[in-house]
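Sequences listed follow chains F and D, in order.
Numbering follows the working numbering, in which position 32 of the first sequence is assigned residue number 32; successive positions increment by one, without gaps.
Numbering follows the working numbering, in which position 44 of the second sequence is assigned residue number 1044; successive positions increment by one, without gaps.
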Amino acid sequence: GNSVTQMEGPVTLSEEAFLTINCTYTATGYPSLFWYVQYPGEGLQLLLKATKADDKGSNKGFEATYRKETTSFHLEKGSVQVSDSAVYFCALSLHTGNQFYFGTGTSLTVIP
Amino acid sequence: DTAVSQTPKYLVTQMGNDKSIKCEQNLGHDTMYWYKQDSKKFLKIMFSYNNKELIINETVPNRFSPKSPDKAHLNLHINSLELGDSAVYFCASSQGETQAFFGQGTRLTVV
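Laid out in structure tokens, this is it:
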């Protein structure tokens, strides 16, 4: 089957710390991979995506590289800010159909 | 213009009532979804609806039923509401494997 597993939170970091949120996936085909972010009180919005192996998605200082050999799409940021406090979701979709599979979300709190 | 809009944003109701949440998308997407987000922020797929094909998550009680009058709308009807139904419900839409667009959520509180 198809699924996404991401590290459980909550994660608490000091401002300017390095962030990694792990995400691994299982897919029957060749998926596109996504990271979504949910700020407090809001819906999910796309943060970045990668559509094929070795692609790197990046946005707002966040990066994630599509690693087919390890079936992973870990989210990283070199220096987090208080404004990055949110819940982050890893997701995949398959080229063969209209289905999105989400991880359970990782809550990040950045303290000054 | 809001891409995916759902109403109401907040819904407080008593146990046993029947309620509906409406969702509309103006993106021309073929697929729409309903997700439930619990108090721990876990996101669970409830339904996806693509070109009149409904895919149901088997863990969803049959008190929940999606209704799609047309491709741009997917409403969620809930019968005999229970305390455990309290959550935030998100509607989303997508086209192919491109990104999914989410509504702002409906916070349902059952008292």
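Ideal placement from N, C-alpha and C gives every residue a C-beta, glycine not left out.
Check, Outcome
"Here's a check: name, in chain order, each residue in its chain whose Cβ is nearer than 8 Å to the Cβ of Lys1041 (chain D), leaving out the five neighbours to either side.", "none"
"Which residue wins for smallest C-alpha separation from Leu92 (chain F), given the options F:Thr20, F:His74, F:Gly43 and F:Val11?", "F:His74"
"Does DSSP put Ser83 (chain F) in a helix, a strand or coil?", "helix"
"Would you please verify whether the beta carbon of Glu1024 (chain D) is less than 8 Å from any beta carbon of chain F?", "no"
"Counting contacts by CB-CB distance shorter than 8 Å, is Tyr1089 (chain D) in contact with chain F?", "no"
"For Lys1041 (chain D), return the contacting residues in chain F, with the cut-off set at a CB-CB distance below 7 Å.", "Val87, Gly105 and Ser107"
"Rounded to whole angstroms, what's the CA-CA distance from Pro1066 (chain D) to Leu33 (chain F)? Just pull it up for me.", "27 Å"
"Return yes when the Cβ of Ser1093 (chain D) is within less than 8 Å of the Cβ of Ala1087 (chain D), no when it is not.", "no"
"Return the CA-CA distance between Gln1095 (chain D) and Thr1007 (chain D), expressed in angstroms with no decimal places.", "22 Å"
"Give the range of the beta strand (DSSP E) segment to which Phe34 (chain F) is assigned.", "Pro31 to Gln38"
"So which residues of chain F does Gln1099 (chain D) contact, with C-beta pairs closer than 7 Å?", "Phe34, Leu46 and Lys49"
"Does the Cβ of Asp1038 (chain D) have 16 or more other Cβ atoms within 10 Å, making it buried, or fewer, making it exposed?", "exposed"
"Output yes if chain F places a C-beta closer than 8 Å to the C-beta of Tyr1010 (chain D); else output no.", "no"
"In the DSSP output, what is Ala91 (chain F) paired with across the bridge?", "F:Phe34 and F:Phe102"
"So, under 8 Å CB-CB, Val110 (chain F) and Glu8 (chain F) are touching, yes? Tell me the CB distance rounded to an integer number of Å.", "Val110 (chain F) to Glu8 (chain F), Cβ: 18 Å. No contact."
"If you measure beta-carbon to beta-carbon, which residues of the stretch 9 to 21 of chain F are closer than 8 Å to chain D?", "none"
"Suppose you measure from the CA of Leu13 (chain F) to the CA of Glu76 (chain F); what does that come to, to the nearest Å?", "13 Å"
"Does any CB atom of chain F fall closer than 8 Å to the CB of Ser1094 (chain D)?", "yes"
"Mapping the DSSP letters down to three states, classify Leu1083 (chain D) as helix, strand or coil.", "helix"
"With DSSP run on the structure shown, which of helix, strand or coil describes Glu73 (chain F)?", "One detail in the question is off: residue 73 (chain F) reads as Phe in this sequence, not Glu. Phe73 (chain F): coil per DSSP, three-state reduction."
"Between Ser3 (chain F) and chain D, is there a C-beta pair that is closer than 8 Å?", "no"
"Using a Cβ-Cβ cut-off of 8 Å, state whether Ser1048 (chain D) counts as contacting chain F.", "yes"
"How would you list, in chain order, the residues of chain F whose beta-carbon sits under 7 Å from the beta-carbon of Gly1105 (chain D)?", "Gly43"
"When Cβ atoms are compared, which residues of the stretch 1053 to 1085 of chain D fall closer than 7 Å to chain F?", "none"
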